[in-house]
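>
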Amino acid sequence: LTAELSPPVLSQLEFDSAIEWVADEMKKLLSLKVAIQSDNSPKPMTEEVRIVLFQAVREALVNVAKHAWVLQASVSIHREDVNMRVVVADQGVGFDPTRVGERQPDEGGFGHFNLRERIEHLGGQFIIESAPKKGARIIFIVPLKPD
Numbered sequence: 008l009t010a011e012l013s014p015p016v017l018s019q020l021e022f023d024s025a026i027e028w029v030a031d032e033m034k035k036l037l038s039l040k041v042a043i044q045s046d047n048s049p050k051p052m053t054e055e056v057r058i059v060l061f062q063a064v065r066e067a068l069v070n071v072a073k074h075a076w077v078l079q080a081s082v083s084i085h086r087e088d089v090n091m092r093v094v095v096a097d098q099g100v101g102f103d104p105t106r107v108g109e110r111q112p113d114e115g116g117f118g119h120f121n122l123r124e125r126i127e128h129l130g131g132q133f134i135i136e137s138a139p140k141k142g143a144r145i146i147f148i149v150p151l152k153p154d
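Take 8 as the starting number for the sequence shown in our numbering and just add one per residue.
(1) Got a sec? Which residues, its chain only, sit under 6 Å from residue 30 by beta carbon, not counting five neighbours each side?
(2) Please state if the CB of residue 144 and the CB of residue 136 are separated by a distance shorter than 8 Å.
(3) State the start and end residues of the unbroken beta strand (DSSP E) segment that holds residue 86.
(4) Beta-carbon separation of residue 120 and residue 63 under 8 Å?
(5) Kindly list the residues whose CB is nearer than 7 Å to the CB of residue 134, restricted to its own chain and excluding five residues on each side of it in sequence; keep chain order.
(6) How is the alpha helix (DSSP H) around residue 33 delimited, first residue to last?
(7) Among the residues of its own chain, which have a CB less than 7 Å from the CB of residue 7, if the five just before and after it don't count?
(8) What's the call for residue 39, buried or exposed, on a 16-neighbour Cβ count within 10 Å?
(9) Sort out for me which residues DSSP pairs residue 137 with in a bridge.
(10) Can you check whether the CB of residue 139 is closer than 8 Å to the CB of residue 99?
(11) Helix, strand or coil, according to DSSP, for residue 98 in the structure here?
(12) Given that a residue counts as buried once 16 or more other Cβ atoms are within 10 Å of its Cβ, and exposed if not, what is residue 89?
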């Protein structure tokens, strides 16, 4: 369970490379092909930000595999001054973002609600852009450590 929550690869690789590892795992385990786009800039993060963001990206990709009805997704990773912006996107069935946090009788739990809480606890932002039949974009903006 510990390796699942914070795999050793997260401490051994740069964040961008750790996300590429997640993409490989998604393909092997869930048949989800994930395209990664990065600006390859330095992204100094605290360990807490690194772990939470890694888990958030992985959870968002699992949600794509489970709910979007597509076999492809993308992750873009870009530095924006003192923040990092990570976008997980798909062209799937989409959903109504106003219903996030509502528990549906035949669905799991409160995944997006938990992601929002964890990202906002770090001083970041969690943004959902989606509509039925329009795909989804989950945006994480987190603060970087000062250089």
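Each residue gets a CB set at the ideal place from its N, CA and C atoms; glycine is no exception.
Reading from the atomic positions:
(1) 41 and 43
(2) yes
(3) 79-87
(4) no
(5) 146
(6) 22-37
(7) The question about residue 7 has no answer, for the chain in this structure spans 8 to 154.
(8) buried
(9) 143
(10) no
(11) coil
(12) exposed
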